[in-house]
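Structure first, then comments.
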């Protein structure tokens, strides 16, 4: 597995070998890796070389360290392509995962100036405000707050929203979703976000705002989400 005569650096060979075992499922999430000393003795290489390979794998999210306990295989991140407009439920189901929502609150409130502007309604107009934790196979993935004009989408309930909202819009209300714009930025979790997402305060998160429009550029929703950066990543294909 390690060719010391190769021009490829030894640390990189070891990194790729461990990565290959993780991707093939030979090393499973939560499983402990051999120690640096064990890897060094196994391949007759220096511990510094092993440490470099391990550090690269930690930085790329394949493994994680626990102080005093060792190094372990990380849970694989869910990949969401940024090439189509889909709901969280549709994304999870497409990956063979079971989506679920834990509602924190569901209410009709007067729209703030900022939300009213984005939904093209009057300030203080009625909007649904939904705060919920989105889960995949019972693991918290995102903390999501959604704003929707109550005059545009009538009859929305917590029960309906707990299923696929997009399916309700298109199949029941016969409205056609057109497009969305999305902003993504990095941040660290505050106390409330950490509590709901079951992560440590200060853990890396992705802040995402999606503005979704019906055909004809009619604003449908404003969604502000906090995603766990250790379990979620976004992919995009670009052509020149």
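In the numbering used here, the protein residues as written are 1 to 240. By construction, the Cβ of each residue, glycine as well, lies at the ideal position given by its N, Cα and C atoms.
Under the three-state DSSP convention, the category residue i falls into
i           : result
residue 124 : coil
residue 3   : coil
residue 41  : helix
residue 229 : coil
residue 55  : helix
residue 152 : coil
residue 116 : helix
residue 13  : helix
residue 75  : coil
residue 206 : strand
CB-CB length for residue i against residue j, believed under 8 angstroms
i           : j           : result
residue 108 : residue 128 : 6 angstroms
residue 161 : residue 130 : 6 angstroms
residue 10  : residue 54  : The Cβ separation is near 13 angstroms, so there is no contact.
residue 175 : residue 214 : 5 angstroms
Cutoff 7 angstroms; reference residue i; Cβ partners in own chain excluding five residues on either side
i           : result
residue 132 : 101, 102, 103, 104, 144
residue 221 : 146, 147, 148, 212
residue 30  : 72, 73
CB contact flag (residue i, residue j, <8 angstroms)
i           : j           : result
residue 189 : residue 202 : yes
residue 62  : residue 2   : no
residue 184 : residue 199 : no
residue 180 : residue 210 : yes
residue 66  : residue 18  : no
residue 136 : residue 99  : yes
Neighbourhood of residue i by C-beta distance below 6 angstroms, restricted to the same chain and skipping five residues each side
i           : result
residue 205 : 187, 189, 226, 229
residue 32  : 70, 72
residue 21  : 27
residue 39  : 50
residue 13  : 2
Same chain, Cβ closer than 8 angstroms to residue i, neighbours up to 5 away in sequence not counted
i           : result
residue 122 : 111, 116
Proximity test, residue i beta-carbon vs the ligand COA heavy atom, cut-off 7 angstroms
i           : result
residue 231 : No copy of the ligand COA appears in this structure; indeed no ligand is present at all.
Query raised in the report: What residue ranges within the stretch 143-199 form continuous beta strand (DSSP E) runs of no fewer than 3 residues, ordered along the chain?
Result: 177-188
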